[in-house]
Structure formats: C-alpha cells, structure tokens
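Protein chains in written order, with our numbering: chain A, 79 to 268; chain B, 79 to 268; chain C, 79 to 268; chain D, 79 to 268. Just below is one structure, and these are the notes that go with it.
Number of protein chains: 4
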Amino acid sequence: MPDTRSGPVRSEAARQSILQATVTLLAERGYDNLTIEGIAARAGVGKQTVYRWWPSKSSIIAECLVEGLLLPVHLRVPDTGDIRRDLTTWLTTLFGYLQTEQGATIFRSLLAVAATDEAVGSGLRDSVMHTQSLSTRLHSAIGTAPNLPEGAPVEEIADALVGALVLRNLARRPIEEGDAERLVEAVIGP
Amino acid sequence: MPDTRSGPVRSEAARQSILQATVTLLAERGYDNLTIEGIAARAGVGKQTVYRWWPSKSSIIAECLVEGLLLPVHLRVPDTGDIRRDLTTWLTTLFGYLQTEQGATIFRSLLAVAATDEAVGSGLRDSVMHTQSLSTRLHSAIGTAPNLPEGAPVEEIADALVGALVLRNLARRPIEEGDAERLVEAVIGP
Amino acid sequence: MPDTRSGPVRSEAARQSILQATVTLLAERGYDNLTIEGIAARAGVGKQTVYRWWPSKSSIIAECLVEGLLLPVHLRVPDTGDIRRDLTTWLTTLFGYLQTEQGATIFRSLLAVAATDEAVGSGLRDSVMHTQSLSTRLHSAIGTAPNLPEGAPVEEIADALVGALVLRNLARRPIEEGDAERLVEAVIGP
Amino acid sequence: MPDTRSGPVRSEAARQSILQATVTLLAERGYDNLTIEGIAARAGVGKQTVYRWWPSKSSIIAECLVEGLLLPVHLRVPDTGDIRRDLTTWLTTLFGYLQTEQGATIFRSLLAVAATDEAVGSGLRDSVMHTQSLSTRLHSAIGTAPNLPEGAPVEEIADALVGALVLRNLARRPIEEGDAERLVEAVIGP
DNA sequence: ATATAACCGAGACGGTACGTCACGTCTTCAC
DNA sequence: GTGAAGACGTGACGTACCGTCTCGGTTATAT
C-alpha cells in the first residue's frame, strides 16, 4: 500500500488559489509580465508552495488548461447531421471567444507556452483544441459532402481548420461577418 | 538640408554581428534563454550598441527575418500552371525546413515572438510566410480546379494551409511521407 | 495533585539525539551553517520536537554546554597550594583544548552565540568558564604572592585571564610553548 | 600600465552609502537582523552593487572598521610618562564607549563577526583594538613599575587588558566606578 | 586643422525576478 | 500527548538580466 506516509497533505485551497491567480494575471497582463512571484503574491501563497508542486510557469498554465480555467467555451463540435452547419457553429463559438480582448490574450499566451514548452505544445492539438472531436465529426460526415469522399484526409482537414484559427489569433486579424462560413467553405468546398 | 549631423556613421559590421549572434543563439538555445546581454557578448559588442538601434529583443528578431537570416528557404510559391503540384512543391520545401531540429526551433521561436509582439504577429502571415504570393497563386488558379470556382475564399484557403503548418510546428508532430499531398488535398479537394 | 496530565512523557532519546547532533554539526560546520532543520534531520527527529522544547538555536547550545558536551575538559582550577603552578596547569589544559581545530571552532561558536544571545552571554563568564572556581582559588591564594596582597582585585584578575584566552581564540593566534607561564606572569607578576 | 580599461568607474557615493547604512543598521538592530537586502535598501542601492564589491556581510563590516565608522573613539594609548594613569585613561575611554547601548551593541556585533570571519578575527587584536599602541606603550614603561621589570611579558599583559574588555562586553556586565583602576591594578600590580 | 558630435567597447548603476534555503507554525497519522 | 514527517506563509539568499548611464577612445563632418 503505497503513499501511506503521515504528515500534512497538500492544500487544495492553495492549489486552486494559484491556478486562479494565474488565469487572472494571464488575462490582465499577458504571458510575459507573468511572474511566479506575481502569481504567488496574488494567490496569497508562498513562492515555495508554487515551486513545490510545479516545475515551471508553463506547467501551471498547462494545469489551468486541464482544469478548463483557460478556455471557458465548450469546444466539442456539435452533430446535427449537417457538417457545414456544425463546423460553422463550432467556428463561430471559437471566433466569438477570440474576439474578446481577454480571450485573444489568453489564447496567444497559450500559443507562446506551446512554442516554449514541449509538453504543452504536444498536447495543443488534441487536449487543448479537442481536435479529436473534430476529427470524429468529420469522419462521421464522410460521404455527406462532395469534398468528403471515402478516404478524405480528415486529420489534415482538422489541422487546416484549427491552424487557420491559430494563425488568425497570432496575426491579430479581426474577425468579420461570414468568416466562419468562408473558412468552412475553404476546406469543405462550396 | 536634411541629415547634416556630424560624427561617424552606424557600423554595419556591428549590425551584422548582432543579427548573426541573434540567429545563432536562437538556434542554439531557443527564444527564452535569449538575452540581449548574451547577444551583445556573443557579437563582441557593447550593450548600448544594441539598445541604440533596436527597441526590443523581438525587433532584432524581426530584422533577422527581413534579412532572411531566419528562414533560409525561398517561400515563394512556384507557378507551373498546375496548382496542386505547385502547392505540394511549396509545402514540401517548408516541411523540409521544419523537419530539421534547428529549423523547427527557430520557427517556434518566431511563433513565440509573434504571440508576444504585436508587430511581428501582424506581419506573420504576410511578411513572414509570404502568404501574399500564396494568395496570388491561388487567385491565378481559380477555375482550374473544381474546388477553386469563381469566388472561392482564397484568403481562407491560404490561412488554412499556412495555419496547418504552424499547428504542426507547435504540436511537434513529425512530418511523414505524403503529408504535403494530403494537406493540399484537404484544402483543394480530391 | 501535581503533574497528573496524561500522555507519554518527553523522550529522553530524542533530547540526547538533538544535543548530540548539535555538537556534531557545530564542530563540523561552525555556528553559521548550523540550522534547526539540519539538527532535526541529523538527529532523526521532527522539527516540532525541537521547537517544542527549545525556544531558539542558542538555547540548544546553552543546554549542550550545561551537559558538558561542548567543553569536554574539566575547567576547575586545581589547588596544590602553589597558585602559579595551579593557574599554569589550568591554562595549559584550556590551551590544549583550543589548539585542536575542533575545539577552537566550537569555542568560537560559543563566543558567537554569546555575542548574539543575552542569556548565553551573561552566563559566559561564570557558567561557561567556571570563573567562579577561578575567583575562589585566587581568593584563597591572597597573601601567598607579592601581587596578591590583601584587597587585590580578584575579579579583575580572573577577567584578565579568561579574557586573554577568549581574545586568543578570536584572533586565531596559535598557542606556543610557554604561553601559559607568560600569561600567568602577566597577571600575577614575576 | 595596469587597470587602464575604459568604462564607468566605481561609484564612491554608493560605497559610502552602503558603509553608512551598515553602521546604522548594525547599531539599530544588531548583527543578526542585519541583511544585505536591508543594507542595499537603506542605502538606496541595488543588491548587485553590494555583491559586486563585497564577498560577504562580514567584509562590509571589516571595511567599516577600517574606515573608522564603527569605533568612533581614538584608541591610541596616551603617554604622559605615568603608565598607570595612561592605561586608566585609555580604559576609561573604552569603557565609556561600551557603556552606551549603541556602542555595546556594535562592539558585540564586531565580536560576532570576528568569531565567524577569519580575516576579521585575525585583525581584531591589532587593527581593531590597536593593541600595537598598547604594546608599545607598555614597552616604553618597562622599568617604571615593579611589575614591569626587564623581560616582562608585554604581549600577554596587552592580551589580558584587551581580553578583559572583550569579556565584559560579551558578559553584558555593567561598568562601575573604579573598574578601570581595578583592571589596571590587576595586571600592573598595586 | 581643429573642434564637435555621434559612434564604439566596456561595464557600473538601480532595479525586478529568479529558484533555493531556512525560519517558525501548522496539520496529519502512528504510537 | 508525544513524536516523525512535512506543507504552509514568510523572508533573505546570491545570481541573471533588464534598460540607463558613464567612461575613454575613435571617426567623421562642419567650421
């Protein structure tokens, strides 16, 4: 029976406080300007308590992600049977999030972390963007659209959609009316 | 009478030395771990000489980009009349660059800068990726493929291609045989 | 009905272990570099067990002193009737202790504690150096030496002897042949 | 021709500021409770500026000593021809300094440093206490007092006097009327 | 030709944040 | 209630870089 040592147990309150402080500061001031001292101070926690449980700034952010504190929209692709409509709905939701100053800042922070931290980067496509659900939805749509014949490169289509989103965020290009539709058209065809 | 100040002129040697040192350090140790003091030391240059001419770390990197020191592949999309083949060729070249450890590291650094620095971010799609040439090529191909009818969302197609590239780089997904073809198929159709 | 509380009694083993660990670490690494965590770890004891019984680091050292763990020489001044010989014998013993690297280090630690901690400082002359026995011996020698007439400033003579010892230890001056004799001559006269 | 490098020169203002802050804090709060961060803050100076020029806390104090900022009494033994009177005068001056709360605190700090730092300890007897002048004065007095015959152990007499002073300071024994005289009598005889 | 001014290298300066160590308090479980 | 273990908030440690500034030395005009 492992892990039966006595002694105090990790403080869940401190953990939550740190994660919440991280999200707040990330939204307020961006990824640089985010310091561990700042997190600890805002969380009302000793610096050592942070270092005891997380090896790096990016790992805190990774945990925020897993907890769903960073992307407070549900990223699952809907399934009404109409793949065009579903993708458009899904993209519109995401575009809506990226349209807010705060959402865009947080998402860019996320990309900065991904660029820096291998673990976050590797998990970006699947865990973060839930691309899995996108792939699944696309698979189930095979045959229902002319551009989705048997053997269509589903993963690459998913990459293209998510990647376009990422690129827009990095490029600070404002979202406009009809962008979601146009993007869907670009990859699924007219 | 403009520009009648006296004194010596900006040292081109110092400038080159700084840019080169930046590229070297970026490839060696990544974007974080890149310090201005480190650049100056490696370049054999005083810190002030850096600060005199560049306002920030990211602006040095931006200049490296413009000088073509960072992405030593020519990014222009070829034009043989066959849009599929041209895109595949272009993507294969880029994939080749991102397949090298050094190229992937530099490109990720670039994305980190873009996530952080508004100017670099805004220029990412056009200046960095030369998406303009991609758009132009796609425009000229309208009508030559079933998925590129009149009024096709060319910009979004370009976004999708470049974005997929970016996403792959961030996600550290290794490139495999046929990836370029599949990606082209994903956006241009079968 | 005094002392009828329940529960186990203070562990003598823990107490001894802590005191011994303190002496060891003091001799090994000096007064600074001595930490309570280090003592507890070396003693195989919880930190709280230390804090439960001692208010401060210096009080542990004070207890080591009282237990005779720090100055393992008997400091009582002998009494053969010949005050010169007795003082010389006593000083030679002490010099011998201070000549060892370990003894000198421990004694300096003691002085550092005395400089810092009022209680230890106040007890230094009497409890630590047993100056009381020195005074007594000097008192009993009054009249037996030309420099010890009736009314001789016995306390000051004791101070002078002990003080000279302390000074030598602080000044890291090595002891040489005949030093004990010369010091006795200095205060008792030729 | 050594040391001809260009560039900024060490700031004398910063140096003075640091030394002065050290003295002030030492007198205010004692040797422990003295932190380098505290010194830097009080001096209005970056921490690195302290670390650039001094390897340790004790070395700052040592420099304060050399600058005469710590012991603001002149420690030279006077020479009127009457050795008893001269020693008494000298001791009275020192006792006066040690009688003030601040003087006693600073002097104890000094002893704590000496106990810890080899360099300061080694210099304690001579540089700090100017025992050299005491020895000289005693040498010149040989033959003028019955206890100072030819061949008297002058160094040991000096040790005894200075040591008694040190011991009193460590033991927190208050100075009383006639103490200086009694101490002189103890080592020079009646 | 000579003064003036901007360049260059070097690096000291006041700062901020880093990641670590130890403090003294506390909480948990076993005895 | 005591003891081993160790998490907690706190604060100082010594280091790395930040961006600004000050040096002595070196060009290049502008007088």
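Glycine included, each C-beta is placed from N, C-alpha and C at the ideal position.
Could you compute how far the alpha carbon of L169/C sits from the alpha carbon of L188/D? If you take the alpha carbons of L169/C and L188/D, they lie about 26 Å apart.
List, in chain order, every chain A residue whose beta-carbon is nearer than 9 Å to that of L239/B. A238, G241, A242, listed in chain order.
Just to confirm my understanding: we take A121/A, look at its own chain, exclude 5 residues before and 5 after, and list those with CB closer than 6 Å. What are they? Taken in chain order, the residues that qualify are S95, I96, A99.
Along chain D, which residues have their Cβ under 7 Å away from the Cβ of S200/C? What S200/C touches in chain D: A249, R250.
Can you confirm whether the region 235-243 of chain C touches the region 244-256 of chain D when touching is taken to mean that 3 or more C-beta pairs between the two stretches lie within less than 8 Å? Touching, yes.
Please report the distance separating the alpha-carbon of V128/D from that of T171/D. If you draw a straight line from the Cα of V128/D to the Cα of T171/D, it is about 34 Å long.
My assumption, with CB atoms under 8 Å, is that L226/A sits in contact with L216/A. Please give the rounded CB distance. Contact holds; Cβ gap of about 7 Å.
Here's the rule: buried if 16 or more other CB atoms are within 10 angstroms of the residue's CB, otherwise exposed. What is P252/D? Under a 10 Å Cβ-count criterion, P252/D is classified as exposed, with fewer than 16 other Cβ atoms of the shown protein chains found around its own Cβ.
I need the straight-line Cα distance from A119/D to R186/B, nearest angstrom please. So the two alpha carbons sit approximately 41 Å from each other.
Taking the alpha-carbon positions, what's the T214/C to V262/D distance? One C-alpha to the other measures close to 21 Å.
Which stretch, first to last residue, makes up the alpha helix (DSSP H) that contains V155/A? It is not in any alpha helix (DSSP H) - V155/A carries neither H nor E in the DSSP assignment.
Let me check understanding here. Comparing Cα to Cα, which of V232/A, V87/A, G116/A, A197/A lies closest to V101/A? Among V232/A, V87/A, G116/A, A197/A, the Cα nearest to that of V101/A belongs to G116/A.
Under 7 Å from the C-beta of G267/C: neighbouring residues of chain D: Neighbours of G267/C on chain D, chain order: N225, G267.
Flag R186/D as yes if its beta-carbon sits less than 8 Å from any beta-carbon of chain C, otherwise no. Yes, contact with chain C.
On the three-state DSSP scale, how would you describe D237/A? D237/A falls in the helix class under three-state DSSP.
How many angstroms separate the CA atom of G267/D from the CA atom of V232/D? The C-alpha of G267/D lies about 14 Å from the C-alpha of V232/D.
Note down, in chain order, every chain B residue with its Cβ under 8 Å from the Cβ of Y282/A. Within the shown structure, residues of chain A are numbered from 79 to 268, placing residue 282/A beyond reach of any answer.
May I have the straight-line CA-CA distance separating R162/D from A192/C, to the nearest angstrom? Cα-Cα distance, rounded: 31 Å.
Going by other Cβ atoms of all chains shown within 10 Å of its Cβ, with 16 needed for buried, is R260/B buried or exposed? Classified as buried, R260/B has 16 or more neighbouring CB atoms from the shown chains inside 10 Å of its CB.
Under 7 Å from the C-beta of V260/C: neighbouring residues of chain D: According to the sequence displayed, residue 260/C carries Arg and not Val. By Cβ distance, chain D contributes P231, E234.
If we count the other Cβ atoms within 10 Å of its Cβ and call it buried at 16 or more, is V155/B buried or exposed? Buried, by the Cβ-count rule.
Using CA atoms only, rank isn't needed, just tell me which of S89/D, T178/D, D160/D, F173/D is closest to G256/D. Ranking the options by Cα distance to G256/D, first place goes to F173/D.
Show which residues of chain C have a CB atom less than 9 Å away from the CB atom of L143/D. Within 9 Å Cβ-Cβ: nothing; L143/D doesn't reach chain C, min ~14 Å.
I'd like the list of long-range same chain contacts for A208/A, defined as Cβ closer than 6 Å, with 5 residues on each side in sequence excluded. In the sequence under discussion, the amino acid at residue 208/A is His, which differs from the Ala named in the question. Close CB contacts of H208/A within its chain, under the 6 Å cut and outside five residues either way in sequence, are with L153 (chain order).
Just the C-alpha distance for I138/C and W132/C, rounded to the nearest angstrom, thanks. Approximately 6 Å, taken between the alpha carbons.
Of all Cβ atoms in chain B, is any one closer than 8 Å to the Cβ of E263/A? By this cut-off, E263/A is an interface position.
Separation of E196/C from L176/D, as counted between CA atoms: Distance between L176/D and E196/C, taken at the CA atoms: about 15 Å.
For E228/C and A219/C, I'd like the C-alpha separation in whole angstroms. Cα to Cα, the separation comes out at about 10 Å.
Looking at C-alpha atoms only, which residue of A190/D, G241/D, E179/D, D110/D is the closest neighbour of L212/D? Ranking the options by Cα distance to L212/D, first place goes to G241/D.
Could you confirm whether any beta carbon from chain A is found closer than 8 Å to the beta carbon of R246/B? Output row for R246/B: interface = yes.
Ignore the nearest five residues each way along the sequence and tell me which others in M79/A's own chain have a CB closer than 7 Å to its CB. The pLDDT assigned to M79/A is 47, lower than 50, so where the model puts this residue is not dependable; a value taken from the coordinates is nonetheless given after this. No residues qualify anywhere along the chain.
Among L104/D, A105/D, A140/D, whose alpha-carbon lies nearest the alpha-carbon of S205/D? Shortest Cα-Cα distance from S205/D to any of L104/D, A105/D, A140/D involves A140/D.
Quick check: what's the CA-CA separation for D81/C versus R88/C? The predicted model places D81/C with a pLDDT of 48, which falls under 50 and marks its position as unreliable, so this point remains unresolved.
Run down chain A in chain order and give the residues with a C-beta less than 9 Å from the C-beta of L165/B. Within chain A, no residue comes near L165/B; the closest Cβ sits about 12 Å away, beyond 9 Å.
The alpha helix (DSSP H) enclosing S89/C, as first and last residue numbers: Counted as a single uninterrupted DSSP element, the stretch harbouring S89/C is not any alpha helix (DSSP H), since DSSP gives it neither H nor E.
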